[in-house]
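Here's the structure we're looking at; comments come further down.
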Amino acid sequence: MLKLTRKTEYALIALRHLRFVGSGHIVSAKEIAKQYSIPQPLLAKVLQELSRRDFIEPVQGPRGGYRLKAKLETISMTQFFEMMEGPLGIMDCYFDSNCELVDTCNIRSPIQRLNESMRTMFDNMTVNDVTH
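The following block contains the structure:
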């Protein structure tokens with residue numbers, strides 16, 4: 004089963020929240036964690052990663068927090084997934100050919116077509132589509 008990790012799920016929840024409050028508003032990790040029942044230490048790590056990748060901007064100070072920075076309509080879901088999780092594929096052989104069965108595998112070609120279809124679908128969706 005293809006499934007998002009909690010890290011990616013929490014990142015999308017945080018981006019959606021920041022999108023709805025608007026780019027001018029600053030929101031703390033504590034506020035987001037409380038509203039969506041997310042463990043605050045894990046969310047803080049996710050927000051730090053989003054900040055390193057220029058999705059959001061950290062704001063220092065007693066009323067600090069985060070605000071949206073990136074234009075979410077310019078980032079495909081494929082790009083987002085790969086930034087957060089690494090290569091996107093349903094089987095390792097799609098992006099790593101060190102499989103012992105690669106020469107004799109009878110499902111590699113159909114799986115590659117499936118991966119390409121999945122990537123095309125995610126290439127045609129933006130982070131904005133998911134957080135809208």
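Basically my numbering = 1-based index in the sequence shown + 3. Even glycine gets a Cβ: it sits at the ideal position worked out from N, Cα and C.
Backbone secondary structure at residue i - three-state DSSP
i: Leu71; result: strand
i: Ile35; result: helix
i: Val105; result: coil
i: Ile93; result: coil
i: Ser40; result: coil
i: Ile114; result: helix
i: Lys6; result: coil
i: His135; result: coil
i: Arg56; result: coil
Paired residues, beta bridge with residue i - DSSP
i: Ile78; result: Per DSSP, none; premise fails for Ile78.
i: Glu12; result: Answer by DSSP bridge pairing: none, since Glu12 is not bridged.
i: Thr129; result: Ser79
i: Val62; result: Gly68
i: Val30; result: Tyr69
Rounded distance between the beta-carbons of residue j and residue i, thought under 8 Å
i: Leu75; j: Leu18; result: 7 Å
i: Arg70; j: Ile59; result: 7 Å
i: Ala73; j: Val49; result: Actually they do not touch by this definition, with Cβ atoms about 15 Å apart.
i: Thr134; j: Arg9; result: 17 Å between Cβ atoms; not a contact.
(request) Evaluate contact between the segment 116-130 and the segment 75-86, counting only Cβ atoms and requiring at least three cross-stretch pairs below 8 Å. (result) At 8 Å Cβ cutoff, the stretches touch.
(request) Answer yes if the segment 31-50 comes into contact with the segment 111-125, meaning at least three C-beta pairs across the two stretches below 8 Å, and no otherwise. (result) Under the Cβ criterion (8 Å, minimum of three pairs), the segment 111-125 does not count as touching the segment 31-50.
(request) Decide if the segment 102-114 is in contact with the segment 46-66; the criterion is three or more beta carbon pairs, one per stretch, under 8 Å apart. (result) The count of Cβ pairs closer than 8 Å, one atom from the segment 102-114 and one from the segment 46-66, stays below three, leaving the stretches out of contact.
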